[in-house]
Amino acid sequence: MRPRRFLPAGPLKGTIRVPGDKSISHRSIMLGALAVGETRVTGLLEGEDVLATAAAMRAMGASVERIGEGEWSVHGVGVGALLQPQAPLDMGNSGTSTRLLMGLVASHPISATFVGDASLSKRPMGRVIDPLSQMGAAFEASDGGRLPLTVRGALPGVPIEYRLPVASAQVKSAILLAGLNTPGITTVIEPVPTRDHSERMLRGFGAELTVEAVNGERVIRIRGEAELKPQVIEVPGDPSSAAFFIVAALIVPGSEVLIENVGLNPTRAGIVEVLRLMGGSIEEVNRREVGGEPVADLLVKHSPLKGIEVDPAVAPSMIDEFPVLFVAAALAEGTTVTSGLDELRVKESDRLSAMAAALTAAGAQVTETADGLTVVGTAGDPLPGGGPVTTHLDHRIAMAMAIAGIASRDGVDVDDTRPIATSFPVFEALLESLAG
Numbered sequence: 001m002r003p004r005r006f007l008p009a010g011p012l013k014g015t016i017r018v019p020g021d022k023s024i025s026h027r028s029i030m031l032g033a034l035a036v037g038e039t040r041v042t043g044l045l046e047g048e049d050v051l052a053t054a055a056a057m058r059a060m061g062a063s064v065e066r067i068g069e070g071e072w073s074v075h076g077v078g079v080g081a082l083l084q085p086q087a088p089l090d091m092g093n094s095g096t097s098t099r100l101l102m103g104l105v106a107s108h109p110i111s112a113t114f115v116g117d118a119s120l121s122k123r124p125m126g127r128v129i130d131p132l133s134q135m136g137a138a139f140e141a142s143d144g145g146r147l148p149l150t151v152r153g154a155l156p157g158v159p160i161e162y163r164l165p166v167a168s169a170q171v172k173s174a175i176l177l178a179g180l181n182t183p184g185i186t187t188v189i190e191p192v193p194t195r196d197h198s199e200r201m202l203r204g205f206g207a208e209l210t211v212e213a214v215n216g217e218r219v220i221r222i223r224g225e226a227e228l229k230p231q232v233i234e235v236p237g238d239p240s241s242a243a244f245f246i247v248a249a250l251i252v253p254g255s256e257v258l259i260e261n262v263g264l265n266p267t268r269a270g271i272v273e274v275l276r277l278m279g280g281s282i283e284e285v286n287r288r289e290v291g292g293e294p295v296a297d298l299l300v301k302h303s304p305l306k307g308i309e310v311d312p313a314v315a316p317s318m319i320d321e322f323p324v325l326f327v328a329a330a331l332a333e334g335t336t337v338t339s340g341l342d343e344l345r346v347k348e349s350d351r352l353s354a355m356a357a358a359l360t361a362a363g364a365q366v367t368e369t370a371d372g373l374t375v376v377g378t379a380g381d382p383l384p385g386g387g388p389v390t391t392h393l394d395h396r397i398a399m400a401m402a403i404a405g406i407a408s409r410d411g412v413d414v415d416d417t418r419p420i421a422t423s424f425p426v427f428e429a430l431l432e433s434l435a436g
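Each residue of the sequence shown is one higher than the one before, starting from 1 at the first, in full-length UniProt numbering.
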């Protein structure tokens with residue numbers, strides 16, 4: 001373990017650029033590995049989760065090579081041509097890699113065994129196993145549908161129409177990826193919109209994919225036996241990573257931070273809208289489009305925040321940002337109420353109970369409910385600090401509590417900072433650069 005005490009900081013000042021979007025980075029490697037020819041990717045997130053995806057695609061026949069900082073070359077094998085991996089695929093801590101790759105394997109005539117670290121091995125995979133089984137894939141999983149898990153792909157797969165019982169971009173993407181090599185049309189019905197990076201990128205690679213609104217639901221159809229064309233992809237900055245610095249600048253008095261090149265896909269930008277509703281000063285500068293994704297530089301200034309009741313409908317567009325939102329709520333004036341967050345209980349940790357315990361240890365007033373947290377803020381006064389807080393091998397718990405530490409009176413002890421490397425290897429260095 002690598003514990004660290006995050007101490008109170010003076011005003012945060014300067015310009016930073018956060019690493020590439022994790023969701024887009026995963027998908028660029030996977031789809032590049034299924035296209036025939038060379039896909040070039042710049043701005044790729046080089047965290048452990050994305051490197052696990054790269055290693056898995058190499059094990060199934062693609063050439064995936066780093067040619068410079070954040071710049072990668074992927075030579076694909078073509079849809080339907082993935083090779084049998086010779087050893088188990090080690091996913092580390094990456095739920096996204098696991099679920100999306102299960103979809104890829106499900107419609108190829110190969111089998112693959114997925115293994116992961118202690119945290120990933122606790123996460124249920126049943127919500128992906130169910131639809132992929134309907135498409136013809138066979139599974140051997142550990143108790144509760146957990147890793148280690150073996151997928152035996154079906155050829156040909158069976159096209160299905162599947163209504164998502166829970167809002168999940170990972171489940172949607174797994175089905176669409178399985179549909180790439182399944183004859184006919186595979187349909188996913190999404191009652192609640194989730195991040196749409198898969199749809200945007202599949203279209204960009206040449207897949208025949210349509211999205212239409214029917215009775216308030218999104219109906220996504222993909223035609224199988226696709227031929228993907230290689231692309232040049234520029235990955236925008238990850239809004240989930242930017243969120244930690246947005247909140248830090250809002251809650252540390254005297255701060256003014258410019259965060260460059262942040263992806264603002266509307267299915268991902270919920271955190272910005274919620275923080276603005278709380279009174280946060282977040283200005284979009286130089287708004288533009290990069291690789292089909294909306295992007296802007298964000299100028300964030302310290303602001304007195306007010307507690308609000310967060311609309312549960314916004315949850316899918318900021319599901320990974322709730323840990324750091326809870327930190328912002330802890331320093332706001334009044335009470336912030338969240339609900340509809342059942343999904344947070346099956347992330348890298350049970351993020352509701354983990355954040356309730358962590359913030360309480362740092363001196364915040366937090367009440368845990370069945371599907372959310374209620375946080376009574378300090379009206380801008382620093383949290384007392386304390387700890388050590390337990391991260392449960394969860395990178396977002398570690399980073400959220402680091403931000404709580406710099407906005408505290410006496411600092412916050414975090415039990416282990418190693419998990420941060422899964423998504424944001426330079427997080428601590430960037431934080432130090434802004435604190436001078």
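Here a beta-carbon is modelled for each residue, glycine too, at the ideal position from N, C-alpha and C.
Whole-number beta carbon distance between residue j and residue i, since they are thought to touch under 8 Å
{"i": "R40", "j": "S73", "result": "6 Å"}
{"i": "D21", "j": "G237", "result": "7 Å"}
{"i": "V235", "j": "I24", "result": "5 Å"}
{"i": "I222", "j": "I282", "result": "I222 to I282, Cβ: 35 Å. No contact."}
{"i": "M417", "j": "V375", "result": "Note that residue 417 is Thr in the sequence shown here, rather than Met. Incorrect: roughly 24 Å between the Cβ atoms, too far for contact."}
{"i": "A33", "j": "V105", "result": "Not quite, the Cβ-Cβ distance comes to about 12 Å (not below 8 Å), so this is no contact."}
{"i": "R351", "j": "P323", "result": "6 Å"}
{"i": "A249", "j": "V300", "result": "4 Å"}
Alpha-carbon spacing of residue i relative to residue j, whole angstroms
{"i": "S111", "j": "S28", "result": "23 Å"}
{"i": "P266", "j": "S317", "result": "7 Å"}
{"i": "M1", "j": "E48", "result": "17 Å"}
{"i": "P384", "j": "R409", "result": "5 Å"}
{"i": "R58", "j": "P239", "result": "28 Å"}
{"i": "A356", "j": "K229", "result": "47 Å"}
{"i": "L100", "j": "D381", "result": "43 Å"}
{"i": "residue 443", "j": "T96", "result": "No answer is possible for residue 443: it lies beyond the span of the chain, which begins at 1 and ends at 436."}
{"i": "G116", "j": "G254", "result": "42 Å"}
{"i": "V188", "j": "E260", "result": "34 Å"}
{"i": "G68", "j": "V50", "result": "16 Å"}
{"i": "F205", "j": "P85", "result": "24 Å"}
{"i": "M60", "j": "A174", "result": "17 Å"}
{"i": "N286", "j": "T113", "result": "45 Å"}
{"i": "G411", "j": "A404", "result": "8 Å"}
{"i": "A364", "j": "V310", "result": "19 Å"}
{"i": "T210", "j": "E199", "result": "8 Å"}
{"i": "R123", "j": "R66", "result": "30 Å"}
{"i": "L431", "j": "F245", "result": "8 Å"}
{"i": "V36", "j": "L83", "result": "14 Å"}
{"i": "F326", "j": "V79", "result": "42 Å"}
{"i": "M91", "j": "G145", "result": "16 Å"}
{"i": "Y162", "j": "A213", "result": "15 Å"}
{"i": "A313", "j": "G340", "result": "8 Å"}
{"i": "T369", "j": "I319", "result": "17 Å"}
{"i": "E256", "j": "G387", "result": "28 Å"}
{"i": "G292", "j": "L180", "result": "21 Å"}
N- and C-terminal bounds of the beta strand (DSSP E) containing residue i
{"i": "F114", "result": "111–115"}
{"i": "P294", "result": "293–301"}
{"i": "E75", "result": "Sequence inspection shows His at residue 75; the Glu mentioned does not correspond to that position. Segment 71–76, the beta strand (DSSP E) holding H75."}
{"i": "V290", "result": "281–290"}
{"i": "S168", "result": "Element bounds for S168: n/a, residue is neither H nor E."}
Contacts around residue i, its chain only, beta-carbon distance under 8 Å, and the 5 residues preceding and following it disregarded
{"i": "A138", "result": "V151, R152, A154"}
{"i": "E333", "result": "P304, L305, K306, G307, G377, A379, G380"}
{"i": "H395", "result": "N93, E348, P419, I420, A421, T422, S423, F424"}
{"i": "L132", "result": "M102, G103, A106, F139, V151, A174, I175, A178"}
Where the alpha helix (DSSP H) containing residue i begins and where it ends
{"i": "D49", "result": "48–59"}
{"i": "D130", "result": "126–134"}
{"i": "L45", "result": "No alpha helix (DSSP H) holds L45; DSSP gives it neither H nor E."}
{"i": "A356", "result": "351–361"}
{"i": "V257", "result": "Per DSSP, V257 belongs to no alpha helix (DSSP H); it is in the beta strand (DSSP E), 256–263."}
{"i": "R99", "result": "95–106"}
{"i": "V272", "result": "270–277"}
{"i": "F424", "result": "Looking at the DSSP string, F424 is not in any alpha helix (DSSP H), and its letter there is neither H nor E."}
{"i": "G32", "result": "22–34"}
Sequence-distant residues of its chain with Cβ nearer than 6 Å to residue i (five each side left out)
{"i": "P183", "result": "P156, G224, E225"}
{"i": "R288", "result": "V295"}
{"i": "G43", "result": "G20, G70, E234, V235"}
{"i": "A3", "result": "Note that residue 3 corresponds to Pro in the displayed sequence, not to Ala. D415."}
{"i": "A56", "result": "L89, L101"}
{"i": "L7", "result": "G411"}
Own chain, CB closer than 7 Å to residue i, minus 5 neighbours either side, in chain order
{"i": "V252", "result": "A9, P11, L12, H302, I406, A407"}
{"i": "S168", "result": "R127, T194"}
{"i": "G279", "result": "S303, P304, L305, K306"}
Selected residue, minimal CA-CA separation from residue i, among the options
{"i": "A400", "options": "V77, V50, E321", "result": "E321"}
{"i": "I397", "options": "A52, T187, E348", "result": "E348"}
{"i": "H197", "options": "T15, V366, I233, G68", "result": "I233"}
{"i": "V262", "options": "E46, A243, R163", "result": "A243"}
{"i": "L373", "options": "D342, H395, V346, T391", "result": "D342"}
Any C-beta of chain D under 8 Å from that of residue i
{"i": "M355", "result": "This model lacks chain D altogether; it includes just one protein chain."}
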